[in-house]
Every structure is written in structure tokens, then in C-alpha cells.
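Following: one structure in C-alpha cells, then a few remarks.
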Amino acid sequence: MGGNGRRGFRRTLGLVGVFFVALFASARANPSPLSVEVTPLTLRPRTYAPAYLDLKLHSQSRAPLEGTLEMEMSGGGQVICRSQIPDLTLLFGTSSQRILLPPPVNARVFEEVHLKFSTRTGVHDLGRFPTAGEIPAARQYLIGICRTDFSAAESQTLLWRALRPDRLFRDDAIRVAPLVTGPAWFLPEDLPPSLGLCAFDVIVLEGPALAALSEKQLTDLAIWVEAGGSLCLALPRDLKGEHIAFINRLAASQPGSASFDRAPDGTLVRPIGAVSSSRATSPILFRRAGLGRVAVAFTLPASEGELMTDSWIKATHFLAHSNSWARVLTAEEIARWPFDSSLLGAMQGELVKALPYTARMIPLPVIVTILGVFVLLIGPGEWLILGRLHRRRWTWATFPAIAAGCTFWTVRTAEHYLGIADQRVSMIVTDYSSQGRALRENRFDLWFAGRNQDAVSEKRQALAVPCLVGFSARSIERGIMSVYQGRVPTHYTLREPLSQWTPYVQRSLSLAPAATGPRLRWEAIKVAPPEFENRQKSNEDLSLAEFVTEKIEAQGWTIHVFKPRFPVPERPSFTERISISAQPWVIARSPSGETDLLDLTLDHGGGDMLVVAERHVSQEIQIQRCVYHFSSDE
């Protein structure tokens with residue numbers, strides 16, 4: 103029996119070994135039919151901004167694979183949000199996808215993405231991939247360089263390095279760099295659309311790259327620049343009429359700017375009337391374009407020494423929306439880097455005030471009454487009544503009944519004071535050009551849910567992100583996150599779980615928006631009012647506001663007129679806070695907040711005037727702004 107037992111054990115062990123060998127061979131013979139290569143556009147993506155990923159999906163399946171591409175984005179050591187792109191069909195071979203990740207909420211950048219492909223038959227785990235390198239700075243500044251030829255490595259390096267803001271930091275007391283610049287290279291055919299350009303701080307078009315852009319690309323680029331982007335045209339050549347028209351469209355945003363022209367060989371001709379004789383030899387011309395800025399470089403830096411010349415230092419400040427032409431930044435300017443996170447809380451307060459129904463806290467006497475009744479019923483009430491009836495053993499039934507009744511009473515009381523209806527109010531901030539064209543729109547929507555539910559919003563040609571206030575901040579800590587379904591920013595749905603009686607704020611940005619309300623006559627103000635300076639000195643701002651109201655036909659609106667001033671008043675009003683830049687250096691004010699997209703910048707030069715029109719209509723706070731440039735940047 104002992105021998106038979108040992109033989110039986112060896113036989114069983116052998117069968118188990120054969121099974122595992124066959125299983126291993128089967129796995130080797132039938133690997134996963136799908137794999138992916140992930141290449142981020144840059145390992146230093148722009149802070150708090152959308153970022154591009156290039157995916158190459160390799161399918162070994164002879165049959166088409168139909169399903170949903172799922173992405174789980176992480177940053178700061180936690181999962182932040184999910185994105186789903188449905189209805190993808192992968193054929194045998196390689197399929198390329200360029201994906202724009204939504205702006206991160208609770209981290210400066212997405213550091214990792216986990217990819218899966220879900221089909222009807224199962225889920226293919228494609229793995230985890232890093233999307234960013236080391237993040238040593240408080241702010242990542244990204245310059246996109248568009249070229250048709252990447253052979254001239256030295257000139258490429260010198261040009262983007264000449265526009266790096268961090269080269270102007272010269273304070274040894276700074277231990278952690280507040281800003282680090284990185285480049286991203288791409289061909290003209292890969293130039294992103296207007297909202298995709300929000301992934302960059304500056305776009306550089308070198309040599310014939312401008313001439314290689316299509317009409318649609320020129321339109322998208324103009325929309326982004328006019329909405330607050332920064333563009334550098336370096337040695338533009340091989341130009342045609344549509345390219346000159348593109349440049350003049352941007353230059354025409356600044357009053358008094360001379361038009362550009364092209365030479366017979368297709369190169370750009372410097373406008374003679376654009377500069378004074380003392381500046382006629384300057385290698386760079388500067389233009390305001392709506393809320394954006396354009397620098398045209400007729401020569402490139404040829405050596406390291408030229409990077410610190412006055413022209414390139416000014417170009418660096420100008421394209422970074424700096425309000426100072428200082429050679430280097432002072433420690434005081436650098437120390438003003440932290441975001442004004444309280445602005446977003448103030449915005450939520452303004453939205454809560456505009457709710458049609460104001461939630462009230464349950465009064466303390468009501469709470470005391472409910473608690474007192476409960477204690478009396480389960481204490482002396484039960485003891486006396488059930489004792490008189492000689493049924494104290496009924497307490498096993500009466501106590502749960504009393505507890506349930508008081509709980510129901512408490513819930514109904516809370517619903518009475520806090521409300522059970524879903525409420526929503528919006529703040530719409532639209533920026534206009536001085537020609538009366540809508541340049542961009544920031545929309546802030548506040549949900550106040552009467553019950554637990556999902557906030558679902560459909561977006562087209564917009565960047566949407568939950569704001570880190572109220573429920574959004576706590577939901578991330580609990581692992582509840584946003585889900586983007588579709589392609590950002592073309593057409594997608596943003597789904598956010600809501601908690602009962604907790605406010606939720608969502609921001610969305612669109613460029614060149616269609617007018618949704620009455621259009622004021624911003625173009626009616628051609629030049630600065632003659633009495634502007636005198637009234638500013640005599641502190642008659644109200645008279646100036648009335649003058650502007652009449653000019654732009656803004657009856658029924660509250661008009662505010664601002665001249666840029668630093669520092670910001672100690673206790674500014676909400677309108678002042680969204681209108682006067684507190685940060686003079688590459689900080690977005692549109693309006694800003696801790697979860698700001700850092701998309702675009704509203705800045706004012708020394709001779710600018712900002713007009714803000716505000717009114718409340720039903721459940722909307724409508725704010726329209728327009729910046730007038732009355733001085734040349736050259």
C-alpha cells in the first residue's frame with residue numbers, strides 16, 4: 103500500500119506539472135492581441151493645463167476589435183479622473199491616436215496614465231505609462247516650436263532658449279525654481295486646434311512654417327492668439343496673400359499699427375510707419391492682438407551672448423504677459439507667485455447669493471426640540487406609560503418606532519430648511535475685442551443638489567474642469583472622481599457625482615464663442631475719452647462710467663472702468679479681483695483660482711483701459727469685459 107500510495111502521489115504530481123506546462127505554452131501561443139506605445143508631447147507639460155499624448159495601438163487580431171478606450175489619470179500620488187473614448191474600431195496592424203488629456207484638478211500635471219481597452223468579450227489591460235518627468239518647479243512653462251525642418255539644431259536651441267523666462271531669475275536666495283521652461287517640437291501639419299493650443303504658453307513659427315499652415319490652421323491660431331495666447335513669428339518667409347492677411351488681422355487689433363506687406367521673394371516686409379527711426383533697426387516688432395501678443399523676429403540670435411540683449415529680454419517679458427521690462431525679476435516679484443486660491447471661494451459665494459432659493463441652516467431651537475422630544479419619549483415617557491399598562495417588555499418595539507419617527511421628523515425638517523429641489527446658477531464672463539468681437543468665454547456653473555445624483559454636462563469645443571471648492575475637494579479625497587466620456591475638447595460629456603446639499607462648481611472655457619446675450623457696442627470707443635486723465639485725477643470715476651455706458655449703449659448694466667494699478671487694493675471688490683491683475687508675471691487672470699486652467703492671460707499695459715459690464719438676469723450673472731490699448735508696445 104505504501105508503494106502504491108507513493109506511485110499515486112507521483113502520478114498526480116506529474117499530471118499537475120503537465121497541466122501547468124500546457125497552460126504556460128497556451129499563454130505563450132496566445133498572447134494579448136493588443137498592445138500600445140505611449141509618447142507624451144513633452145515630459146514637462148504646462149502646469150494645470152491640458153496635455154497631448156500620442157498613442158500607437160498595435161492589434162494582432164485578424165478580426166476588428168470594437169470597444170472603448172479607457173484612461174485613468176493620476177497625479178500627486180492619487181487617481182484624479184477617468185476618460186473614456188467609446189466606439190473605437192481597431193483593425194489589424196497599427197492605429198494612431200492623438201489624445202488631449204483634460205486639465206488636471208488636484209495636481210499640477212498628470213504624471214501617469216493607466217490604459218485599458220474594453221470589448222464585449224473582455225478587458226485588455228494595456229499597462230501604466232508615465233506622462234511627465236520630474237516636476238521640480240512650481241510652474242512648468244511650455245514653448246511649442248513649429249518647424250518644417252529639424253536639421254538646424256543650433257538655431258532651434260538658441261531661439262527657444264531666448265524666450266525662456268526662467269533665464270531671467272537671478273536671485274540666489276531662491277531655493278526652488280518658481281518656473282522651468284521646456285520645449286515641444288512639431289511639424290506644421292501637427293499644429294493643434296485653437297483649444298488644443300492652450301497646452302502651450304508660447305507658440306513659435308520658424309521660417310516657412312507659417313506658409314505651410316492651412317487656412318483652417320491659420321484661423322485656429324488667430325482665435326487662440328486673440329483670446330490671450332502668445333505667438334512668435336521668426337523669419338517668416340514663402341508667404342502668400344492669406345498669410346499676410348493673417349498677420350495683419352492680428353496687428354490690426356492695436357490702434358495705429360501699420361500694415362505688413364511681403365516682398366517679391368515671399369519674405370515679410372517691416373512696416374515703415376510702425377516704428378520710429380530710433381527703433382527702425384530693432385530685430386523684433388511687438389504687437390497686441392486682442393488679449394494676446396505677437397512678436398515678429400526679423401533676425402535670430404546667433405550666439406549665447408545675444409540671448410541677454412535688450413530686444414530678446416523684452417520679447418521674453420512681452421510674450422510671458424509681463425507688465426515690466428526689467429532685465430531680471432526681483433525677489434519680490436518672484437515671491438508673488440502663489441495662486442490666489444481665495445478668488446474661487448469668493449466666486450462660489452457670488453454664485454450662492456444668486457441662487458433663486460437660499461438654503462437655511464436648521465435653527466438651533468428646532469434641533470433642541472426634536473432632541474428633547476426624543477429623550478422624553480424614550481426615557482420617562484416609555485417608563486411611565488408602559489409601566490402603567492404593565493407592558494414594559496414592549497420597549498423592544500416602541501423604542502425602534504420612536505427612533506424611526508424622530509429620524510423621519512429630522513429628515514423632513516432638513517428638507518424644509520435646505521430644500522429638495524435641484525438648483526443651478528451660472529456666471530458667464532465673456533471677453534470682447536475693441537472691435538466688438540467675442541474672443542473667449544469662461545462659464546462657471548454652480549449646482550446645489552437636493553439629492554445625491556450625477557451632474558452631467560455635454561460640452562462641444564470647450565475645456566471643462568471641476569473647480570476645487572466645496573464637494574469637489576472632498577470627493578477626490580474619498581475616491582469619487584470626474585469621468586470624461588468622448589473626445590476632449592471636440593465633443594464629450596463630463597459626469598461628476600454630487601452629494602446632497604453640497605455646492606459643486608464647474609468651469610468651462612470656449613474660444614470665439616457665439617453671442618448668447620445682447621451685444622454691447624464695444625467698438626464705439628475708438629480712442630481714450632479726452633477727459634479720462636482729468637477725471638481720474640479728480641476721482642470722478644462715476645462720470646467716466648456714465649460716459650462709457652452711453653457710448654456702448656449699456657443701459658441696464660453696471661459699468662466699471664479700471665486702469666491697471668499695483669498693488670491691488672487691500673480689500674478689493676469681487677469685480678476688481680477678476681479685473682485687476684495681482685500677478686504681473688505669466689499668471690492667468692480669467693478669472694484665476696487654484697484649479698485655474700492657466701489657459702490664457704488677461705493683462706493690461708500702462709496705457710490700457712478695462713471696461714467691465716455686469717448684470718443679473720434670471721439665474722445668470724453676465725459679465726462682459728473689454729480691454730482698450732491706447733499705447734504702443736514698440
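Sequential numbering of the sequence shown, starting at 103, is according to my numbering.
The beta-carbon is built from N, C-alpha and C at its ideal position, and this holds for glycine as well.
The model shown is predicted, which means the values in this text are computed figures rather than measured ones.
Buried/exposed call for residue i, threshold 16 Cβ in 10 Å
i, result
"residue 378", "Residue confidence for residue 378 is low, a pLDDT of 42 falling below 50, so the modelled location carries little weight and cannot support an answer."
"residue 547", "buried"
"residue 120", "Summary for residue 120: the model assigns pLDDT 49, below 50, so the residue's position carries little reliability, and this model does not support an answer."
"residue 726", "buried"
"residue 469", "exposed"
"residue 450", "buried"
"residue 685", "Reliability of the predicted coordinates at residue 685 is poor, the pLDDT of 49 falling under 50, and no value is obtained from them."
"residue 316", "exposed"
"residue 687", "The predicted position of residue 687 is uncertain, since its pLDDT is 48 and thus under 50; a value taken from the coordinates is nonetheless stated next. Buried, because 16 or more other Cβ atoms sit within 10 Å of the Cβ of residue 687."
"residue 185", "buried"
"residue 146", "buried"
"residue 491", "exposed"
"residue 180", "exposed"
"residue 697", "Because the pLDDT of residue 697 is 48, which lies under 50, any placement of that residue in the model is unreliable, and the question is left without a value."
"residue 474", "exposed"
"residue 149", "buried"
Identified DSSP bridge partners for residue i
i, result
"residue 226", "219"
"residue 455", "Bridge partners of residue 455: none, in fact."
"residue 492", "None, per the DSSP bridge assignment."
"residue 304", "245 and 332"
"residue 176", "181 and 214"
"residue 561", "594"
"residue 190", "169"
"residue 728", "534 and 713"
"residue 137", "160"
"residue 518", "In the DSSP output, where bridge partners are listed per residue, residue 518 has none listed."
"residue 397", "334 and 388"
"residue 655", "Answer by DSSP bridge pairing: none, since residue 655 is not bridged."
"residue 661", "715"
Terminal residues of the alpha helix (DSSP H) in which residue i lies
i, result
"residue 554", "Note, residue 554: premise wrong, no alpha helix (DSSP H); not H, not E."
"residue 419", "412-421"
"residue 143", "Element bounds for residue 143: n/a, residue is neither H nor E."
"residue 467", "466-478"
"residue 346", "343-353"
"residue 481", "Where residue 481 is concerned, there is no enclosing alpha helix (DSSP H), given that its DSSP letter is neither H nor E."
"residue 201", "First-last for residue 201: 195-203, but that is the beta strand (DSSP E), not the alpha helix (DSSP H)."
"residue 677", "676-679"
Among the options, the one whose alpha carbon lies nearest that of residue i
i, options, result
"residue 561", "596, 551 and 533", "596"
"residue 465", "478, 512, 401 and 479", "512"
"residue 524", "505, 543 and 549", "549"
"residue 400", "304, 292, 477 and 261", "261"
"residue 627", "728, 594 and 722", "728"
"residue 476", "506, 487, 456 and 499", "506"
"residue 723", "625, 351 and 454", "454"
"residue 610", "681, 532, 396 and 351", "532"
"residue 143", "224, 503, 234 and 225", "234"
"residue 250", "288, 654 and 659", "288"
"residue 446", "502, 482 and 545", "545"
"residue 369", "312, 518 and 164", "312"
"residue 625", "540, 614, 679 and 223", "540"
"residue 319", "296, 300 and 151", "296"
"residue 606", "647, 586, 617 and 557", "557"
"residue 345", "336, 354, 364 and 334", "364"
"residue 566", "196, 206, 655 and 367", "206"
"residue 590", "716, 732, 301 and 646", "301"
"residue 679", "710, 714 and 242", "714"
"residue 516", "408, 709 and 602", "602"
"residue 349", "367, 307, 366 and 384", "307"
"residue 155", "530, 264 and 141", "141"
"residue 303", "151, 479 and 456", "151"
Enclosing beta strand (DSSP E) for residue i [first to last residue]
i, result
"residue 285", "282-288"
"residue 336", "332-336"
"residue 212", "Note, residue 212: premise wrong, no beta strand (DSSP E); not H, not E."
"residue 529", "525-534"
"residue 588", "584-589"
"residue 609", "605-613"
I want to know whether the segment 257-270 touches the segment 315-331 - three or more CB-CB distances under 8 Å.
no
Quick test of the definition: if touching needs 3 or more C-beta pairs under 8 Å, does the segment 496-513 touch the segment 399-419?
no
With a threshold of 8 Å, are at least 3 pairs of Cβ atoms found where one atom belongs to the segment 163-178 and the other to the segment 204-214?
yes
When the Cβ atoms of the segment 483-502 are set against those of the segment 551-559, are three or more pairs found closer than 8 Å?
no
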